[in-house]
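*Asks:* I have a structure here, written as structure tokens, and I will follow up with some questions on it.
In mature numbering (1 follows the signal peptide of the UniProt record, and there is no 0), the protein residues as written are -21 to -1, 1 to 423.
See below:
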């Protein structure tokens, strides 16, 4: 069974590499997914209900059947949100009662409510006709079909992974990086007991990481050997299953749990890393912007789809740490804020508590910046996410580290807080100068 899962995961990673070989600018019209009308009839019925202008619906290949995300208007009161949620819940129960004894599986009657700051939304299962009716409520802004997302596939130490050689040597206590991904193997030795799981939204799976992507990312953020913020406490939220797949609704629930935990624990510094991607989602982008407003700095990998389109998140492109060359799988465009190592990145694996894994992808680049942002927030006593973003870019500009082989429409800045990488002094695993970190599959 394990070999079959590995074959499936390998096929997914290979697909990601092929797609990444043809990057399109973030914010452009290119990409894998197209917009479809929420009210379009499966049978081409001319009398089908018209598509409301406030619908954002994604390509059918990634759609979660009969699952919808309803976003309320900013002007809708909390009382009206509560009343509409109760109304939908009542309708779902009545629907199932009327269908009792009929063939086929009944849809869930659960209604999931989301609140991040003053942003409200809900998720439920229903036929398209009911989703259209809910979309007509005065307090509703728009309705999206729920979609699948996937994982995309100053520290200075002797023989450190190349990705850390430009980063800080100290690592103050007090930061709290949050990670929304496939979970964490929190028992891995490199975490030194500083990793915890605060929420699991994957049905039928334990809270631990069954994929490996999340553990690799978390360890790059805060691992003792492989991490940037070496003394930070990392909080893990599991929204991706063993195959690296998760729904948009589960991701939004994960964002809500991050904000709730930060408000409860009140850390001095809080960032959130999201190394994943899927179709364009206005709901997800808006949710991320509200995470930013809550005082948590979102950091994400550069892709031409959500969540990398969220304007208030730091979007990270990937470079080869040994050459400063832009990675072939990394995206380009004006929405890329900064670059970081994403080629052959060594970090923690999940086969044991001492396992080491080497992966490549923009997913591997963003945690470097998330860790550095946490470090700088504590060191400089800065908590405003916007100021941290400016600080990251400002420090990158002060060095001569720039991307080789980039494009004019993409920033040449490489995440750096003053340390310079001497390529002639980088040692491979055998102690030879000018080496690399080995080979690994791309995991964008």
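Each residue gets a CB set at the ideal place from its N, CA and C atoms; glycine is no exception.
None of the values given here were measured: they were computed from a predicted structure.
Distance check for residue 321 and residue 141, CA to CA, integer angstroms please.
*Replies:* In the chain shown, the residue the question calls residue 141 occupies position 162. In the chain shown, the residue the question calls residue 321 occupies position 342. Only weak support exists for where residue 141 lies, its pLDDT of 49 falling under 50; the value from the coordinates is given anyway. Near 10 angstroms, if we compare the C-alpha coordinates of residue 321 and residue 141.
*Asks:* Quick check: residue 344 and residue 295, are their CB atoms within less than 8 angstroms of each other?
*Replies:* Counted from its first residue, the chain shown places residue 344 at position 365. Counted from its first residue, the chain shown places residue 295 at position 316. Yes; because the gap between Cβ atoms is below 8 angstroms, this pair is in contact.
*Asks:* My assumption, with CB atoms under 8 angstroms, is that residue 452 sits in contact with residue 248. Please give the rounded CB distance.
*Replies:* Residue 452 lies beyond the stretch modelled for the chain, which goes from -21 to 423, so this question has no answer here.
*Asks:* State buried or exposed for residue 78, treating a residue as buried only when at least 16 other CB atoms are found within 10 Å of its CB.
*Replies:* The residue given as residue 78 occupies position 99 in the chain shown. So residue 78 ends up on the exposed side.
*Asks:* Are there three or more Cβ pairs, one per stretch, closer than 8 angstroms when the stretch 374 to 389 is compared with the stretch 312 to 329?
*Replies:* Contact between the stretch 374 to 389 and the stretch 312 to 329 is present, because at least three Cβ pairs lie under 8 angstroms.
*Asks:* Report yes if the C-beta distance between residue 341 and residue 280 is below 8 angstroms; otherwise report no.
*Replies:* On the chain shown, residue 341 is found 362 positions in, with the first residue counted as 1. On the chain shown, residue 280 is found 301 positions in, with the first residue counted as 1. Yes, they are a contact pair.
*Asks:* Which whole-angstrom value describes the C-beta separation of residue 120 and residue 47, a residue pair presumed to lie in contact below a C-beta threshold of 8 angstroms?
*Replies:* Numbered from its first residue, the chain shown carries residue 120 at position 141. Numbered from its first residue, the chain shown carries residue 47 at position 68. About 13 angstroms; that fails the 8 angstroms criterion.
*Asks:* With three or more beta-carbon pairs closer than 8 angstroms as the criterion, would you say the stretch 156 to 172 touches the stretch 187 to 202?
*Replies:* Yes, they touch.
*Asks:* State the DSSP-derived secondary structure class of residue 160, mapped to helix, strand or coil.
*Replies:* Taking the first residue of the chain shown as position 1, residue 160 is located at position 181. In this structure, residue 160 counts as strand in the three-state DSSP scheme.
*Asks:* Can you tell me which of 86, 89 and 56 puts its alpha carbon nearest to the alpha carbon of residue 117?
*Replies:* Position 138 of the chain shown holds residue 117. The shortest C-alpha separation from residue 117 is found at 56.
*Asks:* Could you tell me which of 233, 239 and 212 sits nearest to residue 218, measuring between CA atoms?
*Replies:* Position 239 of the chain shown, counted from the first residue, corresponds to residue 218. For residue 218, the nearest C-alpha among the options comes from 233.
*Asks:* By the three-class DSSP mapping on this structure, what secondary structure does residue 217 have?
*Replies:* Mapped onto the chain shown, residue 217 falls at position 238. Three-state DSSP puts residue 217 in a strand.
*Asks:* Below 8 angstroms, can you find three or more Cβ-Cβ pairs linking the stretch 169 to 182 to the stretch 105 to 116?
*Replies:* Too few Cβ pairs lie closer than 8 angstroms, so no.
*Asks:* Whose CA, out of 104, 130 and 185, lies closest to the CA of residue 196?
*Replies:* One-based indexing of the chain shown puts residue 196 at position 217. Of the candidates 104, 130 and 185, the one whose C-alpha sits nearest the C-alpha of residue 196 is 130.
*Asks:* Can you give me the start and stop residues for the alpha helix (DSSP H) that residue 430 sits inside?
*Replies:* Limits of the chain in this structure are -21 at one end and 423 at the other, which puts residue 430 out of reach.
*Asks:* Shortest alpha-carbon distance to residue 69 belongs to which of 105, 200, 353 and 292?
*Replies:* For the purposes of this step, residue 69 is taken as the residue at position 90 of the chain shown. That would be 105, whose Cα lies nearest to the Cα of residue 69.
*Asks:* Starting from the C-beta of residue 186, find all residues in its chain whose C-beta is less than 7 angstroms away, skip the five residues before and the five after it, and write them out in chain order.
*Replies:* Against the chain shown, residue 186 aligns to sequence position 207. Excluding sequence neighbours, residue 186 sits near 162, 176, 179 and 217.
*Asks:* Please classify residue 227 as buried or exposed, where buried requires at least 16 other C-beta atoms within 10 Å of its C-beta.
*Replies:* Within the chain shown, residue 227 is the residue found at index 248, counting from 1. Answer is buried; the Cβ neighbour count reaches 16.
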